[in-house]
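Visitor: Starting off with a structure, shown below.
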Amino acid sequence: MPEHRSSREADKSLAVQTFDLGRSFGSLIAVDCLNIDIKQGELFALLGPNGSGKTTTINMLCCLLKPTRGTANVMGLDINREAHSVKALIGISPQDTTLSEHLSPLENLELMARLNNMEAKKARKYSADLVEVMGLQERAKDQVRRFSGGMKRRLSIAMSLISDPAVVFLDEPTLGLDPQARRALWDYIGNLKGEKTILLTTHYMEEADYLADRIGIIDAGKIAALGTAMELKAEVVDRQTVVINAWNLTVASLDAIKGRYPEVKVNGGQVSVAGKDLDFKEITDFVHSTGAIIRSAYFKEPSLEEAYLKITGKELVA
Ligand SMILES: Nc1ncnc2c1ncn2[C@@H]1O[C@H](COP(=O)(O)OP(=O)(O)O)[C@@H](O)[C@H]1O
Ligand SMILES: [Mg+2]
């Protein structure tokens, strides 16, 4: 493989730094010339739809998959040339969790610790601590196969932390969980913030918005935008939405509203008017004049969803 170094300067203080990192599978470019920086202690979210290259990126950074172009440093070490040292510094919770179903959380963790050459006593203590950190103490000795999806995910994250890694990779940690379990998991991940550098992938917009210090939007293997949720939302700052909840929204009144404003969305008794330089009073007066009875009305802040739509030109279909 030809040695490829981009013109970017290496900064050894960064937790992760990629240099034109890419991976092709035959003619398919799964990840294309990625240049991202993740600071130490930062929680960085790679947000993108299925097939956009998130897992491929993680696998390269974890030295599980060779790049076909470029390289990356993890804690200042090169993933191509110093894979062995990189592996000793990282933890990964893969997209498809790899737990031993017939073992308990404590046994799973101790096994992993021992595989990491941790001595027995320390392994036991670390495992017990992590079981508590991840809220699994009441089920610490039950077989994993009886666990809910959320509990398995929590254990998978505990497994990624067992060697006290500097950088943790969480690949779609809340994939397939119901909203309640997802929220609970956010609290656990949130608790790790600042303590560990975390690269998390997700295709859930709210997850990136809620958890991440910075977000990289990835689309078809390329970073489409990068910044804090606030910075990304600033992309659509000139776009506003007036949301009106009303009774008596008849077909005729909805037709009149849709005829007057270019962008109108209706959802049950709720009408949202979007656009630039909206006049709140003019809109509510008009809706009122159609015979609707307004219960509440407010200006909505631009959402990450709107920013995503503007940046990528498409909706993020989960
Ligand atoms: N081992 C592989 N062989 C061929 N194609 C692959 C392989 N792994 C991933 N891909 C393809 O690369 C693209 C990115 O996949 P992936 O990184 O898994 O995306 P994501 O994690 O964002 O869903 C997809 O088109 C996927 O089909
Ligand atoms: Mg994936």
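Under the numbering used here, the residues of the sequence shown are numbered -5 to 312, in order.
Cβ coordinates follow ideal geometry from the N, Cα and C atoms, glycine included.
Predicted model, so just to flag it, every value in this text is computed and none were measured.
Helix, strand or coil, according to DSSP, for E113 in the structure here?
Guide: Locating residue 113 in the sequence shown gives position 119, where the first residue counts as 1. In the structure shown, E113 sits in coil (DSSP, three-state: anything other than H, G, I, E or B).
Visitor: Please identify the residue among K259, G253, K187 and T235 whose C-alpha is closest to the C-alpha of L272.
Guide: Numbered from 1 along the sequence shown, position 278 holds the residue referred to as residue 272. Nearest option by C-alpha distance: T235.
Visitor: Would D172 count as contacting chain D if we go by Cβ distances under 8 Å?
Guide: The structure shown contains no chain D; it holds only a single protein chain.
Visitor: Locate the beta strand (DSSP E) running through R233, then write down its first and last residues.
Guide: Position 239 of the sequence shown holds residue 233. Premise fails: R233 is in no beta strand (DSSP E) and is neither H nor E.
Visitor: Would Y198 be called buried (16 or more neighbouring beta carbons within 10 Å of its own) or exposed?
Guide: Mapped onto the sequence shown, residue 198 falls at position 204. Looking at its Cβ environment, which holds 16 or more other Cβ atoms inside 10 Å, Y198 is buried.
Visitor: Taking 7 Å as the cut-off, is the C-beta of A146 nearer than that to any heavy atom in ligand 2?
Guide: Locating residue 146 in the sequence shown gives position 152, counting from the first residue. In the sequence as displayed, the identity of residue 146 is Lys instead of Ala. The answer is no for K146.
Visitor: Straight-line CA distance for C56 to Q264?
Guide: In the sequence shown, counting from the first residue as 1, residue 56 sits at position 62. In the sequence shown, counting from the first residue as 1, residue 264 sits at position 270. If I take the Cα positions, the gap works out to 47 Å.
Visitor: Could you tell me which uninterrupted beta strand (DSSP E) segments, each at least 3 residues in length, are contained entirely in the segment 183 to 252, listed from first to last along the chain?
Guide: Entirely contained in the segment 183 to 252, the beta strand (DSSP E) runs reaching 3 residues are, in chain order, 191 to 196, 208 to 213, 216 to 221 and 234 to 241.
Visitor: Could you give the C-beta distance for A223 and D203, rounded to a whole number, given that I count them as a contact under 8 Å?
Guide: Numbered from 1 along the sequence shown, position 229 holds the residue referred to as residue 223. Numbered from 1 along the sequence shown, position 209 holds the residue referred to as residue 203. About 5 Å separates the two Cβ atoms, so the contact holds.
Visitor: Within a Cβ cutoff of 8 Å, which residues of the same chain sit near T168, ignoring the five residues on either side of it in sequence?
Guide: Taking the first residue of the sequence shown as 1, we reach residue 168 at position 174. The residues are R147, A175, R176, L179, W180, T196, Y198 and E201.
Visitor: Could you give the residue range of the alpha helix (DSSP H) that holds R148?
Guide: Stepping through the sequence shown from its first residue, residue 148 is reached at position 154. That run of the alpha helix (DSSP H) goes G143 to L155.
Visitor: Which residue marks the beginning of the beta strand (DSSP E) containing N67, and which one marks its end?
Guide: Taking the first residue of the sequence shown as 1, we reach residue 67 at position 73. It spans R63 to V68 - the beta strand (DSSP E) in which N67 sits, taken as one unbroken run.
Visitor: Cβ-heavy atom distance between T306 and ligand 1 below 7 Å?
Guide: Locating residue 306 in the sequence shown gives position 312, counting from the first residue. Checking the Cβ of T306 against ligand 1 gives no.
Visitor: Using DSSP's beta-bridge definition, name the partner residues of D165.
Guide: Here residue 165 refers to the residue found at position 171 of the sequence shown. According to DSSP, which records beta bridges pairwise, D165 is partnered with T195.
Visitor: Can you list the residues near ligand 2, meaning Cβ strictly closer than 5 Å to any non-hydrogen atom, in the order they appear in the chain?
Guide: Output, sorted by chain position: K48, T49 and Q89.
Visitor: Expressed to the nearest angstrom, what Euclidean distance is found between the alpha-carbon atoms of I192 and F274?
Guide: Numbered from 1 along the sequence shown, position 198 holds the residue referred to as residue 192. Numbered from 1 along the sequence shown, position 280 holds the residue referred to as residue 274. One C-alpha to the other measures close to 41 Å.
Visitor: Drop a sphere of 10 angstroms on the beta-carbon of Q131, count the other beta-carbons inside from all chains shown, and report buried for 16 or more, exposed for fewer.
Guide: Position 137 of the sequence shown, counting from 1, holds the residue named residue 131. The residue in question, Q131, is exposed, as its Cβ has fewer than 16 Cβ neighbours within 10 Å.
Visitor: Taking C-beta to C-beta, are L205 and L8 nearer than 8 Å?
Guide: Walking along the sequence shown from the start, residue 205 turns up at place 211. Walking along the sequence shown from the start, residue 8 turns up at place 14. Cβ distance not < 8 Å, so L205 and L8 don't count as in contact.
Visitor: Note down, one range per segment and in chain order, each beta strand (DSSP E) of at least 3 residues found wholly within the segment 77 to 144.
Guide: Those beta strand (DSSP E) runs which fall completely within the segment 77 to 144 and span 3+ residues are 84 to 87.
Visitor: Looking only at its chain, what residues have a beta carbon closer than 7 Å to the beta carbon of R139, apart from the 5 residues adjacent to it on each side?
Guide: For the purposes of this step, residue 139 is identified with residue 145 of the sequence shown, where counting begins at 1. Here the set comprises E95 and H96.
Visitor: Given a threshold of 16 other Cβ atoms within 10 Å of its Cβ, counted over all protein chains shown, does E295 qualify as buried or as exposed?
Guide: Residue numbering aside, residue 295 sits at position 301 when the sequence shown is read from its first letter. So E295 counts as exposed.
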